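So the structure is just underneath, and the comments pick up after that.
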Amino acid sequence: MPGQILATTSLPTLEEIRAAQELVYSVMQPTPQIVWPLLCERLGTEVWVKHENHTPVGAFKARTAVVYAAELFRESPGITGLVTATRGNHGQSVALAARRFKVSAHIVVPRGNSAEKNTAMRAQGADLIEFGTDYQEAKEHAKKLAAERGWHFVPSYHRDIVKGVATYWLEFFSAMADLDVVYVPIGQGSGICSCAAVRNGMKLKTKIVGVVAEGAPAYALSFEAGRKIAAPVTTLLADGMACRVPDEDSLAVVLENVDHIVQVSEEEIRQAMKIYFIDTHNVAEGAGAAGLAAALKERLALNSKRVGLVISGGNVDHDVFARVLLD
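If you count the sequence shown from 1, position 209 lands on 209 in the UniProt record's numbering, and the numbers rise without skipping.
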């Protein structure tokens with residue numbers, strides 16, 4: 001893409017990702033990848049689903065902070081507290097890592113965040129702080145707290161975060177190396193960048209398609225322009241993809257490795273959540289169902305292709321999910 005920004009950090013190697021697996025598997029088991037006949041019938045082709053909703057925190061983020069923290073405490077053993085910003089899943093991961101390394105965890109969430117995700121973070125031992133109206137404002141406050149109180153700020157995107165996330169793509173591509181296309185939801189980019197790291201490392205030909213919510217189009221707009229573009233966030237259902245300002249490092253990887261990005265509406269996400277439950281009896285949060293929503297949108301182009309999807313998380317408030325199923 002002419003004029004695109006270039007990656008400033010390299011992607012992790014397969015050797016690094018395999019080493020990260022040892023840390024990840026100290027807190028969880030590998031997750032399954034399953035072909036669901038009703039889902040294949042609905043899409044008219046063979047579909048494999050990677051179940052990252054089956055982790056100790058109900059999302060792929062269970063794999064991330066433990067790897068990041070291991071590197072962090074190896075280099076800076078005197079750190080006494082971690083702080084981050086999140087809409088939920090990343091915060092649970094940071095709290096899990098803080099407990100493992102016996103330090104405090106402070107999680108900043110925007111006001112009005114999912115009540116059940118907040119409860120889950122507190123259950124992991126986190127000190128929850130509500131601030132701002134969206135993720136970006138929460139992130140800026142978390143960085144301020146880190147500077148004021150001497151805590152370490154844990155980013156949503158970092159090379160060591162990518163190493164942790166990449167362990168699920170190594171599982172997936174090792175089991176199914178001949179996937180023609182994978183649909184990957186984009187929040188801050190760790191999922192799709194880790195997909196690129198493993199695909200490239202294994203020298204596969206799998207096409208990577210990014211997915212964003214129409215109500216959080218920053219990565220799609222940035223992809224089209226070849227540069228970072230901020231955009232307002234209006235999505236409620238896909239809170240795990242509620243990105244207003246793209247991360248420059250992850251955007252560079254996306255520009256170099258992703259075939260195209262699909263925008264999906266709230267209604268398309270809602271229907272995908274419902275379909276996952278009907279066809280597989282799995283609960284998917286909005287971001288976790290976004291890949292299926294995009295595949296359904298591009299269904300006619302998928303004939304005879306082997307498709308990979310990931311339910312990146314299943315953490316949706318019960319009343320929200322009840323409305324999804326009844327609509």
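A virtual CB, placed ideally from N, CA and C, is assigned to each residue, including glycine.
Every value quoted in this text rests on a predicted model; they were computed, and no experiment measured them.
8 Å Cβ cutoff met for residue i and residue j
i	j	result
Gln95	Ile107	Looking at the sequence provided, one finds Ala at residue 95 rather than Gln. Contact: yes.
Asp279	Trp36	yes
Arg304	Thr45	Before going on, a small fix: residue 304 reads as Ser here, not Arg. Against a cut-off of 8 Å, the Cβ pair of Thr45 and Ser304 comes out as a contact.
Ala218	Ala230	yes
Gly34	Val24	Contrary to the premise, residue 34 reads as Ile rather than Gly in this sequence. No, they are not a contact pair.
Phe60	Val165	yes
Ile186	Thr64	no
Leu179	Gly308	yes
residue 335	Ala238	Coverage of the chain is limited to positions 1 through 327, which leaves residue 335 absent and any answer about it impossible.
Val66	Thr86	no
Lys297	Val254	no
Ala120	Phe131	no
Leu43	Ala295	yes
Val258	Gly210	yes
Gln271	Thr167	no
Glu16	Lys163	yes
Exposed unless 16 or more other CB atoms sit within 10 angstroms - verdict on residue i
i	result
Gly313	buried
Ala123	exposed
Pro77	exposed
Tyr84	Sequence check: residue 84 is Thr here, not Tyr. Counting Cβ neighbours within 10 Å, Thr84 comes out buried, since at least 16 surround it.
Ala26	The sequence shown places Ser at residue 26, not Ala. Exposed, by the Cβ-count rule.
Leu326	exposed
Leu300	exposed
residue 347	The displayed coordinates of the chain run from 1 to 327. Any statement about residue 347 would go beyond what the structure contains.
Gly189	buried
Gly58	buried
Asp234	Reading off the sequence, residue 234 comes out as Thr, not Asp. Classification of Thr234: exposed, given that the 10 Å Cβ count is below 16.
Sequence-distant residues of its chain with Cβ nearer than 6 Å to residue i (five each side left out)
i	result
Lys117	Gly88, Asn315
His90	Lys61, Ser156
Leu14	Gly201
Cys195	Trp169, Val184, Ile208
Close Cβ partners of residue i (< 7 Å) along its chain, the five nearest in sequence each way excluded
i	result
Val103	Ile79, Thr80, Gly81, Leu82
Val320	none
Phe173	Val198, Arg199, Met202, Leu204
Ala274	In the sequence as presented, Ala is not what sits at residue 274; that position holds Lys. For Lys274, where only same-chain residues beyond five positions count, the Cβ hits under 7 Å are Val324, Leu325.
Residues near residue i in its chain [Cβ-Cβ closer than 8 Å; skip 5 each side]
i	result
Leu38	Ile278, Asp279, Thr280
Asp317	Ser114, Ala115, Glu116, Lys117
If we require 3 or more residues per run, which beta strand (DSSP E) segments fall completely within the stretch 108-185? 127-130, 181-185
So, does the stretch 282-290 touch the stretch 216-225, judging by three or more C-beta pairs under 8 Å? no
Any chance the stretch 58-76 sits against the stretch 124-131, with 3 or more Cβ pairs inside 8 Å? no
For a minimum of 4 consecutive residues, which ranges assigned as the alpha helix (DSSP H) are wholly contained in the stretch 227-286? 248-257, 266-280
Report the start-end ranges of each alpha helix (DSSP H) in the stretch 25-59 that is 4 residues or longer and not cut off at the edges. 37-43
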